[in-house]
Amino acid sequence: MAKIHFVDHKGETRTVEIENGATVMEAAIRNSIPGIEAECGGACACATCHVYVDEAWREKVGSPTPMEEDMLDFGFDVRPNSRLSCQIKISDDLDGLVVATPERQA
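Residue numbers (full-length UniProt numbering): 1 to 106.
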């Protein structure tokens, strides 16, 4: 189990626990985190689960794949620390991960 901290665009933080092997998107959907729409259900076929990975976590989370980068082109306010939450798998190494949701999804 890992704790994930979701920060919305207003600065409000919600912390949830999720089992290893799940994705950040699944944690958001199961816990009704505002700002994550996940229209494609985690297939990396949209950009509606876009998050900003906190700078302290970027190296541990890793870089997006080329396919994910292509989908991020459709995201709202994409930044260097943007990721699709459906592509971030939870492990013990990500316990305490902090991600922020954009003001709106694409």
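Idealized CB from N, CA, C, for every residue including glycine.
Asn20 has its alpha-carbon roughly 26 Å from the corresponding atom of Gly11. Listed as beta-bridge partners of Leu84 by DSSP are His50. The C-beta distance from Ala22 to Asp92 rounds to 13 Å, too long to fall under 8 Å, and the pair is not in contact. Bounds of the beta strand (DSSP E) holding Ala2 are Ala2 to Val7.
The C-beta separation of Phe74 from Ala45 comes to about 10 Å, leaving the pair out of contact by the 8 Å criterion. If you draw a straight line from the Cα of Glu39 to the Cα of Cys49, it comes to about 8 Å. If you draw a straight line from the Cα of Ile90 to the Cα of Gly35, it is about 19 Å long.
For Ile33, the three-state secondary structure derived from DSSP is coil. If you look at Val16, you'll find it in the beta strand (DSSP E) that goes Thr13 to Ile18. Cβ-Cβ distances below 6 Å link Val7 to Thr13 and Ala100 in the same chain, with the five nearest sequence neighbours on each side left out; the list follows chain order.
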